[in-house]
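Here the structure comes first, spelled out in structure tokens, and everything after it is commentary.
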Amino acid sequence: MLARDPNGQIYFTEETAQGSKTFGEWKIAQQDTATYATDPTTFTYTDSNGPTWGFIVRDADNQSHVYTTRPPTLRSLRSTGTAFVEHALPKVQAP
12 MLARDPNGQI
22 YFTEETAQGS
32 KTFGEWKIAQ
42 QDTATYATDP
52 TTFTYTDSNG
62 PTWGFIVRDA
72 DNQSHVYTTR
82 PPTLRSLRST
92 GTAFVEHALP
102 KVQAP
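Under this note's numbering, think of the first position of the sequence shown as 12, with each following residue one higher.
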């Protein structure tokens, strides 16, 4: 589950067990202190590890930022921090 706070940062939470309807604490989803002007939009896709998902947001300059989930093996190695990786998109130039 994802949400944007009043300051424009993106947070996520996960179910404590599949189908439990009990969620853990909210954690920051991004690796930096960037703020975003839009709520996150989620999407699904398939990579070499199988089905997965990510989200996209835009900042105040209308620049899109894509975040995807880390593979489970990498997530388990991280004791703190985010479960998402940002992928840089080309900056859109105004005409």
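Ideal Cβ placement from N, Cα and C applies to all residues, glycine included. It should be emphasised that the depicted structure is a prediction, and the values quoted were computed from it without experimental measurement.
query	result
Own chain partners of K32 with C-beta closer than 8 Å, once the 5 adjacent residues on each side are dropped	E26
Beta-carbon contacts of T80 that lie in its chain and below 7 Å, excluding the five residues immediately before and after	T63, W64, G65, A94 and F95
8 Å Cβ cutoff met for M71 and A99	At residue 71 the sequence reads Ala, which differs from the Met that was named. For A71 and A99, no; Cβs fall outside 8 Å.
Classification of V103 by the beta-carbon crowding that lies within 10 angstroms, buried from 16 upward	exposed
CB contact flag (F23, A40, <8 Å)	yes
Residue range of the beta strand (DSSP E) that includes R69	G61 to R69
Buried versus exposed call for S90 [16 or more other C-beta atoms within 10 Å across all chains shown]	The predicted position of S90 is uncertain, since its pLDDT is 45 and thus under 50; a value taken from the coordinates is nonetheless stated next. So S90 ends up on the exposed side.
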